[in-house]
Amino acid sequence: MTPSKPNDSRKITLDVALQGGGAHGAFTWGVLDALLQDERIEIGALSGASAGAMNAIIVASGIATGGREGGRAALRQFWTSVNAAAREATPVFHVLETFPGFFAASAAWWQVISGGQVTVSSRPWQGRTAQMALRELIAEQVDFDALKRDDAPRLFVSATNARSGGARIFRNDEISPDVAIASACLPMSFPPVTIDGVDYWDGGYAANPPIAALVRFTPQADLLLVTINPASRSFTARSPEEITERVSEMVFNQALLTELRGIAIIQDALVEHMKTHDGESGSDLLRDLHDLRFHEIHDEARLSDLDPHTKMYPTLEMLLDLHETGRAAASRWLKENFEHLGKRGTAKLRERYLNEMLQV
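Basically the numbering used here = 1-based index in the sequence shown + 77.
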């Protein structure tokens with residue numbers, strides 16, 4: 078499928094912020110695949126947490142070493158390798174793929190990039206083998222030296238300091254296999270990842286995905302969010318299992334909501350300030366915040382329909398289906414919004430996330 082192209086030959090550079098979401102991150106694979114296929118779009122920088130960090134690191138390495146097609150090929154290799162690793166690590170995985178009703182069975186290794194799924198375990202150290210399997214996969218497929226080159230997309234990967242709860246944002250020259258698995262370390266299922274003497278947990282707790290770093294450290298004013306976790310549900314969780322799933326989604330959405338709320342409040346204040354100060358914002362950072370144009374690609378209906386448990390099970394059929402769903406969502410977005418890029422934001426962030434919060 079080729080993304081639809083409006084009659085507009087401009088080239089637009091986007092920053093792309095990628096939310097975590099486990100196997101549902103294959104949706105983001107599809108989105109990035111479509112963006113890379115459209116030659117009018119350049120990706121200047123990427124941020125991500127958990128599975129979003131995996132997608133960001135993989136595609137940045139692919140672009141740095143092989144351009145657009147290199148980025149597309151790298152993503153496909155990664156996600157098919159994730160499925161192959163699941164099959165190898167879990168002997169009954171082929172049964173899970175053949176009989177989806179068995180998804181309730183354990184495949185705990187996948188929780189290493191589940192992003193929006195927290196399962197309590199009394200022995201997180203038992204997840205170390207799975208953690209190392211993902212580390213090896215990342216080490217094999219990413220050219221870390223290429224990420225340090227000036228022509229590589231800028232990277233901002235979040236991990237959560239296990240002691241302070243604060244976010245650490247790792248940039249290109251700091252990216253390593255350990256950073257990748259730290260960003261995807263769910264503490265109830267896996268041991269903390271130690272970097273420079275500091276223990277880290279999943280980046281989704283503190284920045285999912287990082288937004289402020291993109292605004293502060295890149296020149297682009299167009300910022301595209303790719304979101305996976307449902308912003309709301311059509312039902313109230315009742316059973317213990319449903320409650321655990323919903324609380325998990327809410328926790329992993331909260332970091333994004335906090336950043337968006339802060340930016341919205343500042344932007345509102347800047348509008349009023351600039352009305353009375355002849356358009357002067359007062360600083361480069363404030364001007365960047367005022368000029369920031371938000372965009373979002375999501376498929377709330379499709380991803381809400383998926384059983385949250387499937388975030389843990391990277392079956393090939395689901396990965397490929399989500400890839401096509403992501404491509405379709407990106408194609409629709411490009412057709413409807415490309416003409417507005419570089420001119421105004423197109424995301425309905427207040428409607429989807431902020432109206433209730435900003436009424437406080």
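Quick reminder that beta carbons are idealized off the backbone N, C-alpha and C, glycines included.
Three-way DSSP call (helix, strand, coil) for residue i in this model
{"i": "F179", "result": "Its pLDDT being 47, under 50, F179 is placed unreliably by the model, and the measurement read from it follows with that caveat. DSSP places F179 in helix when its eight states are reduced to three."}
{"i": "D382", "result": "helix"}
{"i": "Y390", "result": "coil"}
{"i": "S316", "result": "coil"}
{"i": "H375", "result": "coil"}
{"i": "G422", "result": "coil"}
{"i": "P286", "result": "coil"}
{"i": "K412", "result": "helix"}
{"i": "S311", "result": "coil"}
{"i": "E428", "result": "helix"}
{"i": "M265", "result": "coil"}
{"i": "S253", "result": "coil"}
Top-ranked residue by Cα proximity to residue i, from the options
{"i": "R23", "options": "P268, T142, E165 and V275", "result": "Since the first residue of the chain shown is 78 and the last is 437, residue 23 is not available in this structure."}
{"i": "F312", "options": "E213, I140, V234 and D382", "result": "D382"}
{"i": "T387", "options": "A150, A259, A103 and L152", "result": "A103"}
{"i": "I340", "options": "Q154, F371 and I272", "result": "F371"}
{"i": "P385", "options": "V234, I320 and S235", "result": "I320"}
{"i": "E336", "options": "V292, R364, R379 and I258", "result": "V292"}
{"i": "P230", "options": "R248, R240 and E217", "result": "R248"}
{"i": "F294", "options": "H101, S124, A346 and A210", "result": "S124"}
{"i": "I252", "options": "A244, F233, L263 and V303", "result": "F233"}
{"i": "D365", "options": "L380, V275, I135 and I288", "result": "I288"}
{"i": "N395", "options": "H101, Q96 and Q218", "result": "Looking at the sequence itself, residue 395 is Met, so the reference to Asn does not match. Minimum Cα distance to M395 is reached at H101."}
{"i": "R240", "options": "M389, H367 and W278", "result": "W278"}
{"i": "L363", "options": "L347, E377 and I374", "result": "L347"}
{"i": "D449", "options": "F221, C262 and E318", "result": "Summary: the structure shown does not reach residue 449, with the chain confined to residues 78 through 437, and so no result is reported for it."}
{"i": "M389", "options": "D115, A261, R245 and G242", "result": "A261"}
Cross-strand partners of residue i (DSSP beta bridge)
{"i": "V234", "result": "G125 and F247"}
{"i": "Y277", "result": "N238 and V270"}
{"i": "R370", "result": "D299"}
{"i": "I89", "result": "I118"}
{"i": "L95", "result": "G125 and V303"}
Residues near residue i in its chain [Cβ-Cβ closer than 6 Å; skip 5 each side]
{"i": "T90", "result": "E119, G121 and Q297"}
{"i": "L393", "result": "N160"}
{"i": "L301", "result": "L91, V93 and H372"}
{"i": "L418", "result": "I89 and D299"}
{"i": "R212", "result": "P254 and I258"}
{"i": "Y282", "result": "T237"}
{"i": "R145", "result": "L113"}
{"i": "K420", "result": "none"}
Cut-off 7 Å between Cβ atoms - residues of its own chain near residue i, not counting five sequence neighbours on either side
{"i": "G444", "result": "Residue 444 lies beyond the residue range present for the chain, which begins at 78 and ends at 437; the question has no answer from this structure."}
{"i": "W106", "result": "N132, L152, W156, H400 and G403"}
{"i": "R323", "result": "R310 and A314"}
{"i": "I272", "result": "D255, V256 and A259"}
{"i": "I135", "result": "A151, L152, F155, Q218 and V219"}
Cβ shell of residue i (< 8 Å), same chain only, five flanking positions each side left out
{"i": "S86", "result": "R117"}
{"i": "A223", "result": "S138, A141, T142 and A229"}
{"i": "A216", "result": "P254"}
{"i": "Q344", "result": "L366, H367 and L369"}
{"i": "G65", "result": "There is simply no residue 65 to check, as the chain begins at 78 and stops at 437 in what is shown."}
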